[in-house]
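All residue numbers for the sequence shown refer to the working numbering, where the first residue is 1 and numbers rise by one. See below for the structure under consideration.
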Amino acid sequence: MTNIFDLTFARHFEQLQRGRIVPDARKVDSDAESLQQELSRLLEFVAVSGSFTPQALPNAAQNRARVLGALRQLCHIETGENESTWTLEWGPRIDTLQRLKTSGRLKSLLESALPETDVFGVALRDVLAGRREQESANREQLLAYSKAYEVGEELGIIHRPPSLTYNIEVANDTWARSIATNHFVGRKEFLKTIAQFVHGDRHPTLVLTGLGGVGKSALLARVAEDAVRDSKVTADQPQIIPCMIDFDLPGVDPSDHALLDSLVAKQVGLRLGANAFELVENGRRELYRNRMLSSDAGGLQSSHTSSRQRSERGVLMAVTKALKQFARPSPVLVLLLDTAEEVPALALSRLGQWYGGLHSRIGSSAKLRAVVSGRLFDVVARKWAGVFDAAETIELDALDEGEARDLLVEHGLSEREVERLLRVELLPLRPLELTLLARVVRDQGISAIENLQEDLRAGGTVADRMFAGLVYKRILLRVGEDIRAIAHPGLVLQYVTPQILMDVLYPALNLGKLSLSEAHSLLDKLASYTWLAHRDGDRVWHRKDLRESVLLAMIGQTKEHENIARIHRYAIEYFEKNEQSVDAVYHRLMLWGSDPKAIDPPSLEQIRRHAGTLGQRIAELPKSAAALLQYVKTSRVEAEDINLLPAAFRPEAYDRGGRDLLAYREFGQARRLIDNLDRADSGSSHDAWELETLFTTGEWGRMRPPSLGMRQPFRELMSVARPVALAEGGAQVRADLFSAIVDNFDIGDTRSDVAIAAESLAVTLASLLESRPLDMHEARVVNSLNEQMAKIAGESAFPELENRLLLTRLFVNPAYRNSATGLATPHMMSIHPRWLTRLRYLVVSEGSQDVLDVLCEKLERSVMEGGTVEEVLTAVDDVGATEMYGRGIRVQLGMLDAREFVDGFIGASSHLRDLCRYALISAFSQENEWDVFVMALNRITFREMREFQYSELLGKLERDPEHALIKPLEFIDRCGQLYSFMRVARDSLRRYSYPHNHLGSRVPDHLQPLAKSIKALERWRNSLRRHWEPWNSLAYNHKRKQLNESGPLEDRVA
């Protein structure tokens, strides 16, 4: 029976439009008045009911058939096996209830004898009468009450209580977990290990790996179930709060920090009660507003990406409040991250950043633990362990014999059957296969085990992977021989109809002729095996859960593979002839993916037209076909899958993949992509992302830039000019750039365009102006750009944009510094305590002083509390998001000397941070000398940070230096000390590696990138310094060496 809350919104809306007016009595017939009165009386009964049967309605005085005929036009009809049920549509229901409310007769009607109804009808009557749902209401009842409250709100009678949403979510959550933990047995040692990890104080993450079907998801579900149960009965123990995130679910994007935060917030609210749930729901509703605020400052270079992302995570503030107010002391938040193999390699580092940010946000309110589960082996498992700082990786293997015995008994097997089954050689004791085996034995008896054992022996080394498919074939032995072909090779087809049997399956398998009546009979028999297939209209669908494993077993055998190919060919011909193009495209993808030489792939337009439907079947496709579908759907594919695409698609996929890798700052992967698929043999120039990658990884000699004089948008021009200028500099690049700017002057018309233009222009010019200032022509060009950018940005320019516009103005007119003020922002300026102390004497307004006070207080508190780098930077960036958005700390620039301007006000050299990261990797990985790096790091930082402790940081660097360096370098750079640190690192390494000649002029090859990065930093600093002091002054010539050779800012500022 379908209740009203199962009807679609579209149907409600349609009926709302055409059902508002009850049939006019004058249009019925000569008995219209009595008919209308009787219809109105029945409408009142059914308006306060859910689903009902016509027989249950009061008898009409006359014309019952005609009255019911009129009522039928206003109802949704559901036909069952024994009777039909009617449900009044939304529009007539609201109209009728509104008349009852207006006339004051609603209360008396609810107190009268009413017809029997369903759960929604009961809930509706309670809501209309002012009664609340019972605390013991189950999930179905809660959903019914939710729909009933919609009716009450439409009438203006009552509003849905916030607790109802919470109760529904709790019911859904409990319902899902009970499904997941069905037939769970054993695993006591693993449960004990996870429990010890949760309560321990070692590393925050545990990686759980294992083959498919071994029970990883069920184990995580049991962990969550036990945590919820134990929290209710052990009030004196720390409260364990489980949060499950399954990356296999639609819409769960592992790179979307705000989405993941929202999922965590919702589950924390569910675990802590209705009040906490309402609190975090309010925080989740604020999420979109916060994202809109930060997106308005979008388009900046990577230097500010991490800061902006931290600013978007305000929903976690609500989680922190909920934990402090509603959880017991010292709660433990346990993230259960399931199906981790679905996380693309590209998104893994972003996911690790999210986890680090989550820890910094809620670490003061709860201990955070994470269990990562998936088919993660070898290199992939180590990468997860490195990114998440995992304590250990444990592999969930097969059940032991005792656990397997318990599971088989639970499935209804006798002791004799269990003993015989456990003696089978090569039998993997995994829950999925054991569940299938139990069905085989129940249906066919113990004799079926002998045949299964022969199949396993014949399968050889692949038997383990195909085991589920082999068992499924055994299950099929219980069905009639006449339909076995439909059930086994026929499951290549997702569904079958009588016509498909006659035109596709029987000819493909050479089974002879089949009449229409015989086809109908076969489908009826197939549909009768409900565990095997289900009927939907004239189609009978094979069960989806086992198709993938069965297809694997079929493909592993040559004869079966040939059958599959023939079925696909007949299916393509049939579906194309009958204009069922989505099915034709599906089978063409399946056949092409199995054998690219057998058939051409579908056209791009065909796949794009049906991408949504095909996407639901992507797990069934061969890898190359799945890669092609993924590429057509998203225009992107994993870098390692690019070669699986048809040759015509590879160049575009290569470029998109490279740009994606740069967006995630994965320059190492991007360079490997260039190494594997570089178009050097074609002689073509590099695109912007290739140039940026080669520049950042120190491969400057491989850069093949296009001509800057080519007509192109300003944004694209600067994306090419920027890495070239940073790497090469020189008069020719400078001349080409200014010539190109004149021809490509249009910077766009949005604040995002201006932000990118100002950032790129400032950084590029600084790299080109080290040797001499702008001439008159160049100054006019830059000044015109400044005026255009300032006009578009308007008065509401955000601090980062104003900061970069200041630099370009300074390049045009160095004297501008004497009268100007500048906006200092925590995202860019130094956060070194001594600079912040100096800053107190430079601010020009009381509001700026207030912002600075808040910044210093939060920074000092986070450091004093032993915060991590992420926690310290989060405290700083929170101020940037909440206290100073659109304002900043306004500083009188004329009071700054050159070093304060470079190391303090400008602070971070963030556009060179990634260059330094890969230079350090090249230098210190050569002989695995990361211990020297750690010692150098602790010489330069102003405060000992937890992550910089020798043993902890050393282990991370040895496992995964590419990601382990991100946070230390960001912290050092945000303190205005990147240049000083790179010099200290270089000198430390040279003294360690070449103790007798550490000042020699020869630079070893693996130190070349280090030398390049230091040179790039010097050009940046020298250019800023020259434009802060008169160009030909004695002060400049005297202080240039001092600026680069002396210590960092703290030596200058008292």
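Using N, Cα and C, we set each Cβ at its ideal position, and we do this for glycine too.
Environment of residue i [buried if 16+ CB atoms lie within 10 Å]
i: L928; result: Correcting the residue identity first, residue 928 is Asn in this sequence and not Leu. So N928 counts as exposed.
i: K1012; result: buried
i: K216; result: buried
i: N563; result: buried
i: M718; result: buried
i: R187; result: buried
i: K864; result: Looking at the sequence shown, residue 864 is not Lys but Met. Exposed: under 16 other Cβ atoms inside 10 Å.
i: M789; result: buried
i: P498; result: buried
i: P329; result: exposed
i: T693; result: buried
i: G121; result: buried
i: R1025; result: buried
i: I889; result: buried
Own chain residues within Cβ distance below 6 Å of residue i, not counting five before or after
i: D583; result: F575
i: N1022; result: E770
i: S760; result: M718, R722
i: L1080; result: Since the first and last residues shown for the chain are 1 and 1054, residue 1080 lies out of range.
i: F197; result: L206
i: R588; result: I572, P602
Residue i vs residue j beta-carbon contact at 9 Å
i: G894; j: N818; result: yes
i: R271; j: V319; result: no
i: A327; j: T209; result: no
i: L920; j: L965; result: yes
i: P814; j: E1029; result: yes
i: G907; j: M982; result: no
i: V332; j: H199; result: yes
i: L323; j: A366; result: yes
i: G698; j: L978; result: no
i: L969; j: W930; result: no
i: A820; j: R809; result: yes
i: L396; j: G212; result: no
Cut-off 8 Å between Cβ atoms - residues of its own chain near residue i, not counting five sequence neighbours on either side
i: R350; result: P254, S255, H257, Y664
i: G512; result: Y506
Residues of its chain near residue i, where Cβ-Cβ distance is below 7 Å and the 5 sequence neighbours each way are ignored
i: S1046; result: Residue placement at S1046 cannot be trusted, given a pLDDT of 43 that sits under 50; what the coordinates show is reported in the next sentence. Result list for S1046: empty, nothing under 7 Å.
i: V387; result: L348, S349, G352, D960, H963
i: R131; result: none
i: C975; result: S830, I831, H832, F942
Per-residue DSSP class, three states only, for residue i
i: F326; result: helix
i: W354; result: helix
i: Q494; result: coil
i: S373; result: strand
i: A137; result: coil
i: L293; result: Residue confidence is low: L293 scores 42 on pLDDT, short of 50, so the model does not pin down where it sits. Its coordinate-derived value is still stated next. Helix, per DSSP.
i: Q630; result: helix
i: W1028; result: coil
i: K597; result: coil
i: R539; result: strand
i: R890; result: strand
i: K1015; result: helix
i: I394; result: strand
i: T868; result: coil
For residue i: DSSP bridge partner residues
i: S521; result: None; S521 has no bridge partner.
i: Q949; result: According to DSSP, Q949 bridges with nothing at all.
i: S51; result: T87
i: M244; result: L336
i: G822; result: V891
i: A919; result: Bridge partners of A919: none, in fact.
i: H534; result: W541
i: K367; result: V332
i: V207; result: V372, T393
Below-9 Å beta-carbon distance, residue i vs any chain B residue
i: Q606; result: Within the model displayed, chain B is absent; a lone protein chain is all it includes.
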